[in-house]
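**Q**
Residue numbers (the working numbering): 3 to 303.
Structure, rendered in structure tokens:
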């Protein structure tokens, strides 16, 4: 094949497939949807292969398109890193920093680290994607991820922040007035519990520990949710016992709307970490973010 797509063509193709939308890709690239559509049709015609399935509502890669994207992603990412490395010989850090995080982690960062970072580095665009699922940050094009320490892959470099974390079993005073307060995790099996469905579809098993004894309980209950903040709100309404991060429960505990139970079975665990692959060049923008994060951590100590 003598024809070779341009870098603009390949960037456009990757954006369209990633967003599954010409409109969203056009917004990212600063082009019109019609321009992108014309670029892709011209690219397909000159390559002699169909790369995209188009409908009136969506767009998706063909088998050939999927193969191209799989091989293209690391190439585009390496090119971005190479340009970033060269840019470090200049002045102020710039570019886009992409971080994948849980919603709770993003809220923690918004308290201090993100405002300070944006003020200090106005040339950097910070793109934070919040998801409950644990993603492959390298494969999906992120510079870093943020999760609880226990969820960080072993081959990643981790930067801890925010102190230790803790999960609490909580219920409203009204619920506990009508139901005997649990004394052990096993007692939860006789209660209405508000369950959490994980992104994989599996139900989260509640984990407790006391004096080195670990207990995992598969709770039952009529209500299942997929968001810990909704679980806390459901507990406030007296719908049962929920098991949520202490950060989520704290304002409700302070107001007296909920009470924590099984406190002695809920120890602290290692908290949040920013993590990134150590075998690749660390972008200047990420180094700047880590510097701000550790500064905020020292000030909060």
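The C-beta atom is built at its ideal place from N, Cα and C for all residues, glycine as well. Remember, predicted model here, so these are calculated numbers, not experimental data.
Output needed for residue 305: all residues of its chain with C-beta closer than 7 Å, excluding positions within five of it in sequence on either side, in chain order.
**A** An answer regarding residue 305 cannot be provided, because it is not within the stretch 3 to 303 covered by the chain.
**Q** Does the beta-carbon distance from residue 285 to residue 145 come in below 8 Å?
**A** Their beta carbons are under 8 Å apart, which means residue 285 touches residue 145 by this criterion.
**Q** On the three-state DSSP scale, how would you describe residue 303?
**A** Only weak support exists for where residue 303 lies, its pLDDT of 45 falling under 50; the coordinates are left without a value.
**Q** Using DSSP with H/G/I as helix, E/B as strand and the rest coil, what is residue 193?
**A** It is coil, neither helix nor strand.
**Q** Beta-carbon within less than 8 Å of residue 227's beta-carbon, same chain only, minus the 5 sequence neighbours each way: which residues are those?
**A** Cβ neighbours of residue 227 beyond the five flanking positions: 196, 197, 198, 199, 233, 236.
**Q** Does the distance from the C-beta atom of residue 102 to that of residue 140 stay below 8 Å?
**A** In this structure, residue 140 does not lie closer than 8 Å to residue 102 by Cβ.
**Q** Give the range of the alpha helix (DSSP H) segment to which residue 15 is assigned.
**A** Taken as a continuous stretch (DSSP letters only), the alpha helix (DSSP H) holding residue 15 covers 9-21.
**Q** Starting from residue 132, follow its DSSP beta bridges and name the residues at the other end.
**A** 103, per the DSSP bridge assignment.
**Q** Quick one, are the C-beta atoms of residue 99 and residue 288 less than 8 Å apart?
**A** Yes, these two residues count as a Cβ contact at 8 Å.
**Q** Quick check: the Cα distance between residue 245 and residue 57, rounded to an integer number of angstroms?
**A** Whole-angstrom Cα-Cα distance: 43 Å.
**Q** Do residue 163 and residue 70 have their C-beta atoms within less than 8 Å of each other?
**A** For residue 163 and residue 70, no; Cβs fall outside 8 Å.
**Q** Taking contact to mean 3 or more Cβ pairs, one atom from each stretch, closer than 8 Å, check whether the segment 217-224 and the segment 185-192 are in contact.
**A** The segment 217-224 vs the segment 185-192: in contact.
**Q** For residue 121 and residue 95, what's the separation of their Cα atoms in angstroms?
**A** When rounded, the distance between both Cα atoms is 13 Å.
**Q** Could you tell me the distance, in whole angstroms, from the CA atom of residue 19 to the CA atom of residue 41?
**A** Taking the straight line joining both Cα atoms gives about 14 Å.
**Q** Per the DSSP calculation, residue 227 is bridged to which residue(s)?
**A** DSSP output for residue 227 lists 198 as bridge partner(s).
**Q** If you draw a straight line from the C-alpha of residue 283 to the C-alpha of residue 295, how long is it?
**A** Going by the C-alpha atoms only, they are around 19 Å apart.
**Q** Since I believe residue 104 is in contact with residue 148 (beta carbons under 8 Å), could you give me their beta-carbon distance rounded to a whole number of angstroms?
**A** Right, their Cβ atoms sit about 7 Å apart.
**Q** Taking the alpha carbon of residue 257 as the point to measure from, which residue in 174, 123, 8, 111 has its own alpha carbon closest?
**A** Minimum Cα distance to residue 257 is reached at 174.
**Q** Around the Cβ of residue 62, are there at least 16 other Cβ atoms within 10 angstroms (buried) or fewer (exposed)?
**A** Exposed: under 16 other Cβ atoms inside 10 Å.
**Q** Thinking C-beta only, is residue 172 closer than 8 Å to residue 261?
**A** Closer than 8 Å, so yes.
**Q** What residue does the alpha helix (DSSP H) around residue 40 start on, and which one ends it?
**A** Unbroken alpha helix (DSSP H) run through residue 40: 35-49.
**Q** What is the DSSP secondary structure of residue 155, reduced to helix, strand or coil?
**A** Looking at residue 155 - three-state DSSP - the assignment turns out to be coil, as it is neither helix nor strand.
**Q** Give the single residue among 253, 180, 250, 263 whose Cα lies nearest to the Cα of residue 210.
**A** Among 253, 180, 250, 263, the Cα nearest to that of residue 210 belongs to 263.
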